[in-house]
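Data block below; observations after.
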Amino acid sequence: MDAILIGLSWVLIVAGGVFSVLSGLGVVRFPDVFTRMHAASLADTLGAGLIILGLLVQAGIGADLVGIKLILILVFLLFTSPVVTHALAQAALRDGLTPWTRDGTPTEAGLDSTVEEDEALAPDALRKTSGEGT
């Protein structure tokens, strides 16, 4: 039974390493920031998650704190990675970057109306409308 768990843990660790390497390849090979971010967020999260699961199988959840720490790291990773990727994509869109398309036409998705709303709610604009800035 011990040999099966060790084999399973190594399969998970190697699979996680493969996904991490493929994620790095995607970051180098893809054409724009959005596709690169997609490769980095999905494959890297899966790769790191598989590596942590493999380490968890090796360490065990028992009374040792190592298993609990690995579970906490995995949960933190699964919650923060999508949020950070979403924030980076929103920042890139607001900065004016457009997603790459195969035929070179602009995409329908844009943040023009959102950017205008944000500019209208800027602190300078609020001071000018309320009369505090004069």
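Take the UniProt record's numbering: the last position of the sequence shown gets the number 134, and nothing is skipped along the way. We put the CB at the ideal spot given by N, CA and C, even for glycine.
- Within the model, the alpha-carbon separation for residue 72 versus residue 66 is close to 10 Å.
- Per DSSP, reduced to three states, the secondary structure at residue 99 is coil, with no helix or strand assignment.
- Counting along the chain, no alpha helix (DSSP H) covers residue 31, and no H or E run does either.
- The beta carbon of residue 26 sits closer than 6 Å to the beta carbons of 39 from its chain, once the five residues preceding and following it are set aside; these are given in chain order.
- Looking at the backbone, the Cα of residue 100 and that of residue 79 are separated by about 27 Å.
- Residues of the same chain with a CB within less than 6 Å of the CB of residue 32, apart from the 5 flanking positions on each side, are 100 in chain order.
- Per the Cβ contact rule, the stretch 2-10 is in contact with the stretch 46-66 (3 or more Cβ pairs under 8 Å).
- For the pair residue 77 and residue 49, the CB atoms are nearer than the 8 Å cut-off.
- Setting aside the 5 residues that flank it on each side, residue 97 is surrounded in the same chain by 32, 33, 34, each with a C-beta closer than 8 Å to its C-beta; the list follows chain order.
- Cβ-Cβ distances below 6 Å link residue 92 to 33 in the same chain, with the five nearest sequence neighbours on each side left out; the list follows chain order.
- Non-local beta-carbon contacts of residue 68 in its own chain, meaning distances under 7 Å to residues more than five positions away in sequence, are absent.
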